[in-house]
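**Student:** Those protein sequence lines, which keep their order, are chains G and B.
Heads up: the first sequence begins at 25 in our numbering, then just goes up one per residue.
Heads up: the second sequence begins at 25 in our numbering, then just goes up one per residue.
Quick reminder that beta carbons are idealized off the backbone N, C-alpha and C, glycines included.
For clarity, every value in this text was computed on a predicted model and none was experimentally measured.
Take a look at this one; I'll ask things after.
Protein chains: 2
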Amino acid sequence: MSNNFARRAELVKASEVRELLKLTDVNEIISFGGGLPAEETFPVEEMREICNEILSENGAKAMQYAISEGHIGLRQIIVRLMGEKGIIAGVDDILITSGSQQGLDLSGKVFLDEGDVVLCESPTYLSAINAFKPFYPKFVEVEMDEDGLIPEELQKKIIENRNIKFLYTIPDYQNPTGRQMSLERRKAIVDLANQYDIIIIEDNPYSELCFSDNKLPPLKSFDTEGRVVYLSTFSKTVCPGYRVGWVSASPEIINKYILFKQGTDLHTNFFAQMQIASFFEKYDIKKHIERNISIYKSRRNAMLETMKKTFPKEVSFTKPNGGLFLWVTLPEYMNSKDLLLKAMKKGVAFVQGSAFFPNGGHENTMRLNFSGLTEEKIIGGIEILGELLREEVRNSKINVQII
Amino acid sequence: MSNNFARRAELVKASEVRELLKLTDVNEIISFGGGLPAEETFPVEEMREICNEILSENGAKAMQYAISEGHIGLRQIIVRLMGEKGIIAGVDDILITSGSQQGLDLSGKVFLDEGDVVLCESPTYLSAINAFKPFYPKFVEVEMDEDGLIPEELQKKIIENRNIKFLYTIPDYQNPTGRQMSLERRKAIVDLANQYDIIIIEDNPYSELCFSDNKLPPLKSFDTEGRVVYLSTFSKTVCPGYRVGWVSASPEIINKYILFKQGTDLHTNFFAQMQIASFFEKYDIKKHIERNISIYKSRRNAMLETMKKTFPKEVSFTKPNGGLFLWVTLPEYMNSKDLLLKAMKKGVAFVQGSAFFPNGGHENTMRLNFSGLTEEKIIGGIEILGELLREEVRNSKINVQII
């Protein structure tokens, strides 16, 4: 029997993060591979009360079909949240999605025809690559540094390429690097988008998880032409298992998202939308997020301090001021795939950095997650990695002497 | 500013059902337009207890990221449910989806390249058309009669067309016609698929809602070659607001669905999956469904009896033995769009039948839903429609006399 799959069925590969997640279910591995928020941050008891109340008073509504746009009360809350960030939007400019991931799938549907160019940071979010790939785009990577995407590099790539559909960017504590785009660059990049008539897909799941005083306004807040599509989620502020996120865009654009949402899953779980809306209405979300931040900040500190102590000086890494991830660059001669195999034998896992480059390469990089493990496990795991890395560096020097 | 949408953004139109749904929120209209299950059938009190238990004992798991394949306990329940229908599958052959609608979107992703042929019943499910359209297929409609899709017509269309990717069929109480495919035809159609090496997407959301003794096995139960992809949902047996459905297919095929699921929304709301699994474990689902059936059967009876009394003999309609819908064929000279405008002025809505034909036409048809309204409202609404139809027939005869 021939299966006759679409061409795209050959393009999308199993996510190594997910495959690792499966592994970590069965083995006693310290995994820096996933991107799991800390379970301690989930408002379990609050949700128990909220569920009880919704199902006592409003159960049939929670269980019935609902409009694709999403729960009106939740959209009003999002209007307020975005207003605090300087984004002016109305409830009709917002579509509730099944996680921010669905915002990416819908972005592909709305904008991408075969051969269209997607500009993105180099590296970029692995599952964004997989969300866009089914629509056969060409990925053009734009260089970044500690201050995020470099506007001059972006302009160069814009000039060099045709059929550019959008720039995909994660300005805050980017997945995978943990980098935060500077204020000047945010403005410069919106200016470039205006100048060259380009759409920006701004993916902003981590902005609330800010460990410093340097909270920056989203690119969307500088958008005067309705060309920035803003994606975010409750996965990092409430919990990811509910799969509730949102898209905000100009009326003309959001209407296309809504139409494709209908064909994709009709609407997002309505009970979950009601629960999150109720959580924001009844509880002090700022205090809740502050508590989350203090947990993540301690874990980041534990990771960075252990890395400084145990990683050889040949290995460099980012020092994120927020989010869930940091990024490690190994000496050119090292391969993170080989390292991963060795590390897993010693009970430690991470994600190879090459997975985050849509056009491949960069085998000497890796992503580490610091949100999902206790400080004790982080310290233990990083010490194992450090020992392994020192050994690798030592061996390479011996090899050089032998040659 | 140019928006640079993908070509597909022009193909997908607002669902008139959904737009009507919005209308019915604000007006006091009797709408036969939606496809809402009866709220009385939702196990609200049971779910209140279940939520309380899950969040007391297992809250963090309900709120955390989970594997794309879905909750293992729920997949075991599905294995059992399908086993009762004669489908032999293991948990690894099942993917939990965000409603059966997502199964359609993923089917498009897995199989359809531009220009590929989708064979479907004429008429077929409106939101399946919208789910497949983004992948630019060509729809080839196959004639049906009271016993469902006609195998001889299917064979003719198979021979006439190239690049056929799959047959999409709803064998039980089809949306929109309410027709049930006969046993002989089920076997004959699987035989044709084997003979011509074609995949079948069997969409089976309504099979549990059977009002007669004539429950028939799914096409998938006759599949000896792993070429039937089976889609179903808990929307009609538990509730639709949770958006939990599933796909079952051979290992090679289901693995492609899982990969695309990851890029689409990572996984389906995990708390909802746990709730449904717990509902099946703790309660007598057969008794629950029997109660649902008795409600729907009474409503169907109320609709059919009032139609027999009030519709003019020039109007014909199906008499479904299950599901949520029936199908009305008006005299050729009537246009259901004109009729809808007139009906809405009198406080009644339905969906124009033409929306269910991917290649258009059939302006003299309409779909009526009998599940979402009380018997009283059904009788009242059908009487208004009947009066309007008699008036239309009368007017046409006067016009003929004048000419």
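#1: Please compile the residues from chain B whose C-beta is within a distance smaller than 8 Å of the C-beta of A90 (chain G).
#2: Let me know the beta strand (DSSP E) ranges lying completely inside the stretch 206-245 of chain G, each 3 residues or longer, listed in chain order.
#3: Looking only at C-alpha atoms, which of G:L328, G:N199, G:N238 sits nearest to K343 (chain G)?
#4: Along chain B, which residues have their Cβ under 7 Å away from the Cβ of M331 (chain G)?
#5: Tell me the DSSP secondary structure of R391 (chain G) in three-state form.
#6: Counting only beta-carbon separations shorter than 8 Å, does T257 (chain G) have a partner in chain B?
#7: Figure out for me which residue from G:E411, G:K369, G:M390, G:A217 has the closest Cα to the Cα of G58 (chain G).
#8: Determine which residues of the stretch 105-127 of chain B have a Cβ less than 7 Å from any Cβ of chain G, and write them out in chain order.
#9: Under 8 Å between the Cβ atoms of P382 (chain B) and C144 (chain B)?
#10: Beta strand (DSSP E) containing C144 (chain G): first to last residue?
#11: Using a threshold of 8 Å, state whether the C-beta atoms of F295 (chain G) and A86 (chain G) are closer than that.
#12: Roughly how many whole angstroms lie between the Cα atoms of Y192 (chain B) and R267 (chain G)?
#13: Which of the three DSSP states, helix, strand or coil, is assigned to L365 (chain B)?
#14: Using the rule of at least 16 other Cβ atoms within 10 Å of the residue's Cβ for burial, across every protein chain shown, is P275 (chain G) buried or exposed?
#15: Nearest-angstrom Cα distance between F349 (chain G) and L255 (chain G)?
#16: When DSSP labels each residue in this structure, what does A326 (chain G) get in the three-state scheme?
#17: Which residues in chain G sit within 9 Å of K401 (chain B), going by Cβ to Cβ distance?
#18: Counting contacts by CB-CB distance shorter than 8 Å, is E200 (chain B) in contact with chain G?
#19: Could you tell me the distance, in whole angstroms, from the CA atom of I101 (chain G) to the CA atom of F304 (chain G)?
#20: Helix, strand or coil for E167 (chain B) per DSSP?
#21: Could you check whether L119 (chain G) and W270 (chain G) sit closer than 8 Å to each other, using their CB atoms as the reference points?
#22: I need the DSSP call for F284 (chain B), collapsed to helix, strand or coil.
#23: Which value, in whole angstroms, describes the spacing of the CA atoms of L35 (chain B) and V164 (chain B)?
#24: For a contact meaning CB atoms closer than 8 Å, what does N76 (chain G) contact in chain C?
#25: N187 (chain B): which of G:I194, G:L364, G:N28 sits nearest, CA to CA?
#26: Measuring straight from C-alpha to C-alpha, what distance separates P147 (chain G) and P175 (chain G)?
#27: Quick check on S420 (chain B): does DSSP put it in helix, strand or coil?
#28: Are F374 (chain G) and L354 (chain G) closer than 8 Å when you measure CB to CB?
#29: On the DSSP bridge list, what partners appear for V375 (chain B)?
#30: Check I120 (chain G) in the structure and name its three-state DSSP category.
#31: Closer than 8 Å by beta-carbon distance: list the chain B residues that pair up with D129 (chain G), in chain order.
#32: Tell me the rounded alpha-carbon separation between I91 (chain B) and K280 (chain B).
#33: Under 8 Å, Cβ to Cβ, is there at least one residue of chain G near T292 (chain B)?
#34: Please state if the CB of S124 (chain G) and the CB of P229 (chain G) are separated by a distance shorter than 8 Å.
#35: Distance, Cα to Cα, Y220 (chain B) vs D171 (chain G)?
#36: Output yes or no for whether 8 Å exceeds the beta carbon distance between L216 (chain G) and Q179 (chain G).
**Tutor:** Concretely, from the data shown:
#1: Translated into positions along the first sequence, residue 90 (chain G) becomes position 66. In chain order: G265.
#2: 223-227
#3: Mapped onto the first sequence, residue 343 (chain G) falls at position 319. Of G:L328, G:N199, G:N238, the residue nearest in Cα terms is G:L328.
#4: By one-based count along the first sequence, residue 331 (chain G) stands at place 307. The premise fails here: M331 (chain G) is roughly 25 Å from chain B at the closest Cβ pair, so nothing lies under 7 Å.
#5: Here residue 391 (chain G) corresponds to residue number 367 of the first sequence, with the count starting at 1. Shown here, R391 (chain G) sits in a strand according to DSSP, grouped into three states.
#6: Walking along the first sequence from the start, residue 257 (chain G) turns up at place 233. No, because no Cβ of chain B sits closer than 8 Å to the Cβ of T257 (chain G).
#7: Counted from its first residue, the first sequence places residue 58 (chain G) at position 34. Closest option to G58 (chain G), Cα to Cα, is G:M390.
#8: Listed in sequence order: S122, G123, Q125, Q126.
#9: Position 358 of the second sequence, counted from the start, is the residue given in the question as residue 382 (chain B). Position 120 of the second sequence, counted from the start, is the residue given in the question as residue 144 (chain B). A contact, by the Cβ cut-off of 8 Å.
#10: Walking along the first sequence from the start, residue 144 (chain G) turns up at place 120. Run containing C144 (chain G): 141-146, per the beta strand (DSSP E) assignment.
#11: Translated into positions along the first sequence, residue 295 (chain G) becomes position 271. Translated into positions along the first sequence, residue 86 (chain G) becomes position 62. Yes, the Cβ-Cβ distance between F295 (chain G) and A86 (chain G) is below 8 Å.
#12: The count along the second sequence starts at 1 and reaches residue 192 (chain B) at position 168. The count along the first sequence starts at 1 and reaches residue 267 (chain G) at position 243. Taking the straight line from one Cα to the other gives about 29 Å.
#13: Taking the first residue of the second sequence as position 1, residue 365 (chain B) is located at position 341. Three-state DSSP puts L365 (chain B) in a helix.
#14: Along the first sequence, read from residue 1 onward, the residue named residue 275 (chain G) stands at position 251. By the beta-carbon neighbour count (other beta carbons within 10 angstroms, threshold 16), P275 (chain G) is exposed.
#15: Stepping through the first sequence from its first residue, residue 349 (chain G) is reached at position 325. Stepping through the first sequence from its first residue, residue 255 (chain G) is reached at position 231. Roughly 19 Å between the two C-alpha positions.
#16: Along the first sequence, one-based indexing puts residue 326 (chain G) at 302. If DSSP states are grouped into helix, strand and coil, A326 (chain G) belongs with the helices.
#17: Taking the second sequence and counting its residues from 1, one reaches residue 401 (chain B) at position 377. Per Cβ cutoff of 9 Å: no residues; K401 (chain B) is ~16 Å from chain G at best.
#18: On the second sequence, position 176 is the one that residue 200 (chain B) refers to. Before going further, note that residue 200 (chain B) is Pro rather than Glu in the sequence given. Chain G, which has no Cβ nearer than 8 Å to the Cβ of P200 (chain B), makes this no.
#19: Position 77 of the first sequence, counted from the start, is the residue given in the question as residue 101 (chain G). Position 280 of the first sequence, counted from the start, is the residue given in the question as residue 304 (chain G). Cα-Cα distance, rounded: 8 Å.
#20: Residue 167 (chain B) sits at position 143 when you count from the first residue of the second sequence. Three-state result, E167 (chain B): strand.
#21: Residue numbering aside, residue 270 (chain G) sits at position 246 when the first sequence is read from its first letter. Residue numbering aside, residue 119 (chain G) sits at position 95 when the first sequence is read from its first letter. Their beta carbons are under 8 Å apart, which means W270 (chain G) touches L119 (chain G) by this criterion.
#22: For the purposes of this step, residue 284 (chain B) is taken as residue 260 along the second sequence, with counting starting at 1. In the structure shown, F284 (chain B) sits in a helix (DSSP, three-state: H, G or I).
#23: Working through the second sequence from its first residue, we reach residue 35 (chain B) at position 11. Working through the second sequence from its first residue, we reach residue 164 (chain B) at position 140. When rounded, the distance between both Cα atoms is 17 Å.
#24: Among the protein chains of the structure shown, namely G and B, there is no chain C.
#25: One-based indexing of the second sequence puts residue 187 (chain B) at position 163. Taking only the C-alpha atoms, the option nearest N187 (chain B) is G:N28.
#26: Your numbering for residue 147 (chain G) matches position 123 in the first sequence. Your numbering for residue 175 (chain G) matches position 151 in the first sequence. Rounded to whole angstroms, P147 (chain G) to P175 (chain G) spans 15 Å at the Cα level.
#27: Start at 1 with the first residue of the second sequence, and residue 420 (chain B) comes out as number 396. Here S420 (chain B) carries a helix assignment [DSSP, helix/strand/coil].
#28: The count along the first sequence starts at 1 and reaches residue 374 (chain G) at position 350. The count along the first sequence starts at 1 and reaches residue 354 (chain G) at position 330. No, the Cβ-Cβ distance between F374 (chain G) and L354 (chain G) is not below 8 Å.
#29: Here residue 375 (chain B) corresponds to residue number 351 of the second sequence, with the count starting at 1. V375 (chain B) is bridged to B:R391.
#30: Residue numbering aside, residue 120 (chain G) sits at position 96 when the first sequence is read from its first letter. Reduced to three states, the DSSP call for I120 (chain G) is strand.
#31: Position 105 of the first sequence, counted from the first residue, corresponds to residue 129 (chain G). Near D129 (chain G) (Cβ distances below 8 Å), the residues of chain B are G287, T288, D289.
#32: On the second sequence, residue 91 (chain B) is found 67 positions in, with the first residue counted as 1. On the second sequence, residue 280 (chain B) is found 256 positions in, with the first residue counted as 1. So the two alpha carbons sit approximately 15 Å from each other.
#33: Residue 292 (chain B) sits at position 268 when you count from the first residue of the second sequence. Yes, its Cβ sits closer than 8 Å to a Cβ of chain G.
#34: Residue numbering aside, residue 229 (chain G) sits at position 205 when the first sequence is read from its first letter. Residue numbering aside, residue 124 (chain G) sits at position 100 when the first sequence is read from its first letter. Yes, they are a contact pair.
#35: Start at 1 with the first residue of the second sequence, and residue 220 (chain B) comes out as number 196. Start at 1 with the first residue of the first sequence, and residue 171 (chain G) comes out as number 147. When rounded, the distance between both Cα atoms is 58 Å.
#36: Taking the first sequence and counting its residues from 1, the one referred to as residue 216 (chain G) is at position 192. Taking the first sequence and counting its residues from 1, the one referred to as residue 179 (chain G) is at position 155. For L216 (chain G) and Q179 (chain G), yes; Cβs fall inside 8 Å.
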